[in-house]
Amino acid sequence: MKELTQKEEEIMERMWNHGPLLVRELQSYYDEPRPHVNTLATLIKILEEKGFVGHKAITARCFQYYALISREEYRGGTLTNVVNKFFGKSYLSAVSALVKSEKVSVEDLKELIREVELNNQQ
-12 MKELTQKEEE
-2 IMERMWNHGP
8 LLVRELQSYY
18 DEPRPHVNTL
28 ATLIKILEEK
38 GFVGHKAITA
48 RCFQYYALIS
58 REEYRGGTLT
68 NVVNKFFGKS
78 YLSAVSALVK
88 SEKVSVEDLK
98 ELIREVELNN
108 QQ
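Taking my numbering, I'd label the letters of the sequence shown as residues -12 to 109.
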C-alpha cells in the first residue's frame, strides 16, 4: 500500500468522518486559515492517482469525492509497511521493541493474550 503524506491523511480523515464530499465541503471542515480550494483539489487528484479516492460527477464541472479504502484497511496496510520496513517482517520484533521502549507493559501483553485466547475459543 502506498503511503500518505500528512496533508493527504488529513483529507482522508475528513472523508472517513463525513463521507463523500465536494471540494468546497471538504474545505469547510478545516479550521481557519483554511487551505485554498485549488490546493485541496490538487491533493485530491494525487489521492485519486494513488488509488485512495474516487469521484462521481455531480455536474460537468463538479465532482463528489469519496474514500475507496476504509480507515481500518489503511491502518492495517500502514502497520504492515512499518513492520516490513523496520522489523524485518516480524510482528514479534515490533512488539518486542514496544516492550523494550516501555510503550507496552507486560500487563498489557498479558491482557492481549487473554483477549486473543478468548476470541479463539468463540
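We put the CB at the ideal spot given by N, CA and C, even for glycine.
query = How many angstroms separate the CA atom of Val86 from the CA atom of Glu59?
reply = 24 angstroms
query = Which of the three DSSP states, helix, strand or coil, is assigned to Gln108?
reply = helix
key: Local conformation of His5 per DSSP, three classes   = helix
task = With Val70 as the anchor, note down where its alpha helix (DSSP H) starts and where it stops.
result = 58 to 73
inquiry  = Can you look up Val91 in the DSSP assignment and give me helix, strand or coil?
reply    = coil
message = At the level of alpha carbons, what is the spacing between Tyr16 and Glu(-4)?
response = 14 angstroms
message = Please state whether the Cβ-Cβ distance between Gln14 and Leu27 is less than 8 angstroms.
response = yes
ask   = What residues are listed by DSSP as bridge partners for His42?
value = Tyr52
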